[in-house]
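Engineer:
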Amino acid sequence: MEELKERILRDGKNLGNGILKVDSFVNHQVDPRLMYACGGELARRFAHVGASKVLTAEISGIAPALTTAMHLGLPVVYARKSKPVTMTNAVFLTLAPSHTKGVMTELIVSPEFLAGGERILIIDDFLASGATIMGLVRLAQTAGATIVGIGALIEKSFEGGRETLRPLGVPIESLACITSMEGDRIVFGGCE
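The numbering used here applies: residue 3 is where the sequence shown begins, and numbers increase by one.
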């Protein structure tokens, strides 16, 4: 998606070690017009999968997941990183490494909002190593749900996440695919 790529080049910052800072328009301050356009494009690409719900991870995945779900007319569930007092004791929980925090992070979903028989479309801000998305996959599978697609705003193909997810046998779509972040450069290529 050219609009997203242009924004990454203009406002994104390569911080080194594979870290791309996009917090001025994706995950700290959100550009709602850009997220709405990205959600529309992801919804178009996944319109055929018959999803019944969109699943993402707190907090950076919420904006793209919400706008995608708006276009598809679906509810969004996001995996929390800490259990609030309002959540029942029985939860689905898994661990996933946080690339930007350098620690293992809990992903928690209430069984009230993720159930067997649902068809889950996972949408997140980044597809890098695939570890967070695999955590979401584990949550959905534990609930007895079926994964029908995986989408991301930005894929860092050099981290191998697509290869991690490919055995799931579902469509994987990214709106901007970064093939290299050497030095201070950001290089786009095809997502395959």
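Even glycine gets a Cβ: it sits at the ideal position worked out from N, Cα and C. All values reported here derive from a predicted model rather than from experimental measurement.
Residues in the same chain with beta-carbon distance under 8 angstroms from ALA117, minus the five sequence neighbours each way, listed in chain order, please.
Structural biologist: Numbered from 1 along the sequence shown, position 115 holds the residue referred to as residue 117. Once the five neighbours on either side are set aside, the close Cβ partners of ALA117 are ALA145, GLY146, ALA147.
Engineer: Please state whether the Cβ-Cβ distance between GLY185 and ASN16 is less than 9 angstroms.
Structural biologist: Walking along the sequence shown from the start, residue 185 turns up at place 183. Walking along the sequence shown from the start, residue 16 turns up at place 14. Contact: yes.
Engineer: Can you grab the Cα-Cα spacing for the pair PHE160 / ILE174, in whole Å?
Structural biologist: Taking the sequence shown and counting its residues from 1, one reaches residue 160 at position 158. Taking the sequence shown and counting its residues from 1, one reaches residue 174 at position 172. PHE160 and ILE174: Cα-Cα distance of roughly 16 angstroms.
Engineer: In chain order, which continuous runs of the alpha helix (DSSP H) of length 4 or greater are located wholly inside the segment 56 to 97?
Structural biologist: Counting only runs of 4 or more, we get 64 to 74.
Engineer: Run through the DSSP bridge pairs and tell me what LYS15 is partnered with.
Structural biologist: Along the sequence shown, read from residue 1 onward, the residue named residue 15 stands at position 13. Beta-bridge pairing links LYS15 to LYS23.
Engineer: ILE125 and THR70 - do their beta-carbons sit closer together than 9 angstroms?
Structural biologist: For this step, residue 70 is matched to residue 68 along the sequence shown. For this step, residue 125 is matched to residue 123 along the sequence shown. Cβ distance < 9 angstroms, so THR70 and ILE125 count as in contact.
Engineer: Do you know whose CA, among LEU11, PRO66, VAL79, VAL51, lies nearest ASN29's CA?
Structural biologist: Translated into positions along the sequence shown, residue 29 becomes position 27. Per the Cα distances, PRO66.
Engineer: Looking at C-beta atoms only, is the number of pairs between the segment 75 to 95 and the segment 177 to 194 that lie closer than 8 angstroms three or more?
Structural biologist: Cβ pair count under 8 angstroms is below three, so no.
Engineer: Between THR107 and LEU97, what straight-line distance do the alpha-carbon atoms span, to the nearest angstrom?
Structural biologist: Mapped onto the sequence shown, residue 107 falls at position 105. Mapped onto the sequence shown, residue 97 falls at position 95. Whole-angstrom Cα-Cα distance: 6 angstroms.
Engineer: Assuming CYS193 and SER182 are in contact, meaning their beta carbons sit under 8 angstroms apart, how far apart are those beta carbons, in whole angstroms?
Structural biologist: Sequence index remark: in the sequence shown, residue 193 carries index 191 (1-based). Sequence index remark: in the sequence shown, residue 182 carries index 180 (1-based). Actually they are not in contact, since the Cβ atoms of CYS193 and SER182 sit about 14 angstroms apart, beyond 8 angstroms.
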